Amino acid sequence: VVNLRRAVGPAITAAMYIICSAFLSSSMLQLPFYSSYATKSQFEYEFESIGPKGTIKKIARFRLEEGNVYSFGFGDLDEATGDVSDIVVSNNQDRDKVLATLAHIIYHFTGNMSNALIFIQGSTPARTRLYQQGINKFKLQLEPEFEIIGYQNYKWETFTTGKNYEAFLGWRKV
Amino acid sequence: MAAKKSTKKKPRLQKGKIIISDKVDSYENHPYFIKKHEDAQAFLKKAGIPWDLINKK
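As you go down the protein sequences, you meet chains E and A in turn. The first sequence begins at 229 in our numbering and counts up by one. The second sequence begins at 807 in our numbering and counts up by one.
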């Protein structure tokens, strides 16, 4: 009986692991995203967008602004010139995948800095709107994890779909 | 009649694959991110940080 238990035990454990993994992955919405690389400090991240326009290197970084407020900057790196910009439209047909990757990066950063407030603003109103579209698109996924507020008409308020904001502040729920 | 509370599980954000690498460059002093920092400082100075709203949530 002991030998049988020894032989069957690991198999049962493996089967339970597979069942649990399957249950967990089915309960979470699977969003395609790119794997990212981070510096040891985990303030800077890189990933590559891959699409019809080729491979485009994307850079994201957090910077402490004051107290526990960190600004989040993001842009495309032109590897030939070293320029970074969030104004260029890369048209790599992976906008949602890029936005999902940014959400994962923020999720990762705020996992390490649980009291961080993340300030997000695009370089132009059009870019800010793109970030807003991203928040709208992933609202269901973000809501259980994040509080998000937006700035509009000279005041901060709870983020509401359909409103145009100038900037956003988000933080992890405790 | 009281509204029935939804028992439907909300989808959660899947944990991302983030790989720590010493090959990632530092962009701290890159003009683009310095400009982002200056813009953020200016905006936060203008708009303020809504601590009341943050603490209420």
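Backbone N, C-alpha and C define an ideal beta-carbon position, used for all residues, glycine too. Since the model is a prediction, treat every value here as computed from it, not as a measurement.
| Query | Result |
| --- | --- |
| Opposing strand residues paired with GLY303 (chain E) [DSSP bridges] | E:ILE287 |
| Buried versus exposed call for LEU292 (chain E) [16 or more other C-beta atoms within 10 Å across all chains shown] | exposed |
| Coil, strand or helix - SER255 (chain E) by DSSP | Note that SER255 (chain E) scores 30 on pLDDT, short of 50, meaning its location in the model is unreliable; the coordinates nonetheless yield the value given after this. DSSP places SER255 (chain E) in helix when its eight states are reduced to three. |
| The segment 360 to 380 of chain E: positions lying closer than 7 angstroms to chain A by Cβ | LEU368, GLN369, LEU370, GLU371, PRO372, GLU373, GLU375, ILE377, TYR379 |
| Completely contained beta strand (DSSP E) runs for the segment 294 to 374 of chain E, where each covers 3 or more residues | 297 to 305, 345 to 348 |
| Strand pairing of SER264 (chain E), partner residues [DSSP] | A:ILE824 |
| Neighbour list for THR338 (chain E) in chain A, Cβ cutoff strictly below 8 angstroms | The premise fails here: THR338 (chain E) is roughly 11 angstroms from chain A at the closest Cβ pair, so nothing lies under 8 angstroms. |
| ALA308 (chain E) to LEU859 (chain A) span [Cα, whole Å] | 44 angstroms |
| Chain A within 7 angstroms of GLY303 (chain E), Cβ atoms only | yes |
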